[in-house]
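Below is one structure; the comments refer to it alone.
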Amino acid sequence: MLAQEFTELVELLYDGEPTTLTTNRIVQVAAHAVGAAEHAAITVVSDGQLRTEAATSMTARTVDEITAEVGRGPAFDALHTSSIVVAHDLAADDTHWPGLGRRLVEETSVRSILSCRILLSSHHTASLNLYSSWPHAFDDHAVPTTAILASYCSLALFLQLLDEGTAHPGRLRESHREVGIAIGLLMARHDVGADRAYADLRRASTALNKTLPEIAAQITDLR
4 MLAQEFTELV ELLYDGEPTT LTTNRIVQVA AHAVGAAEHA AITVVSDGQL
54 RTEAATSMTA RTVDEITAEV GRGPAFDALH TSSIVVAHDL AADDTHWPGL
104 GRRLVEETSV RSILSCRILL SSHHTASLNL YSSWPHAFDD HAVPTTAILA
154 SYCSLALFLQ LLDEGTAHPG RLRESHREVG IAIGLLMARH DVGADRAYAD
204 LRRASTALNK TLPEIAAQIT DLR
């Protein structure tokens, strides 16, 4: 069940120290949670240039460097065009991102990429990228799992910025967990995407004049 799987992902994020969520923690969990992923990275665009914020390996950093040099690729598309982008076999398709597939296969052996947008604010976005040396590595199970994880990370990082220095660490961790589980439950119950689930949560928060963690707690209580 997708909701149960997502609950387990949330638990993984806070399994041990440090208890605060970091980009390094996100890529580690992503690589672990999506079985087909061999490497993971978070990339951002700053001053028009793609840069790596966090990565699990040098291979992931090399993929990002090549993507930045070519000036196109799944990470760029996830940041600017589509929220989720999948490159199934870079060795067989060099038409979507001319010049990228050949270089990645030759220089890194990466053949599949899954990129998912992480929205931090209306002006700041990042891309969570998963890499595999196998073609067609990211199937219909990997895509929603990554989308949910990216959506949760967006919320968790945003809440952390809002609450940093004011909330008790234990309560902050619990708030992040509640919001993440609530999104997973809404997606599973109503068969909607992460963006829609997040929007519904925010609308309920505004309508009832309650915080996101308060609304999330009510939803999780109904499981």
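Under the numbering used here, the first residue of the sequence shown carries the number 4, and numbering increases by one thereafter. All C-beta atoms in this analysis are idealised placements derived from N, C-alpha and C, irrespective of residue type, glycine included.
- Looking at the DSSP output, V47 shares a beta bridge with R54 and A129.
- In the structure shown, L93 falls within a coil segment according to DSSP collapsed to helix, strand and coil.
- Here N132 is buried: its Cβ has 16 or more other Cβ atoms, across all protein chains shown, within 10 Å.
- In the three-state reduction of the DSSP assignment, S154 falls in the helix class, which pools H, G and I.
- The alpha-carbon of H193 is positioned some 9 Å away from that of A200.
- Inter-residue distance for Y134 and Q221 is about 37 Å (C-alpha atoms, whole angstroms).
- Assignment of R75 by DSSP, reduced to helix, strand and coil, places it in the coil class.
- A residue is called buried when at least 16 other Cβ atoms come within 10 angstroms of its Cβ; P77 meets this threshold and is buried.
- According to DSSP, residue pairing for H42 in a beta bridge involves Y134.
- Between the C-alpha atoms of I186 and S49 there is a straight-line separation of about 29 Å.
- Buried is the label assigned to R114, since at least 16 other Cβ atoms lie within 10 Å of its Cβ.
- Contact annotation, A36 with T148: C-beta distance approximately 6 Å; criterion of less than 8 Å satisfied.
- Secondary structure at V88: strand, using DSSP grouped into helix, strand and coil.
- Rounded to the nearest whole angstrom, the C-alpha separation of L152 and E109 is 30 Å.
- Boundaries of the alpha helix (DSSP H) around H35: T26 to A36.
- Judged by their CB atoms, R54 and L82 are not nearer to each other than the 8 Å cut-off.
- The shortest C-alpha to C-alpha distance from E68 to any of V47, T84 and V88 is the one to V47.
- R120 carries a strand assignment under DSSP once its states are collapsed to helix, strand and coil.
- With contacts defined by Cβ atoms closer than 8 Å, D96 and H139 do not form a contacting pair.
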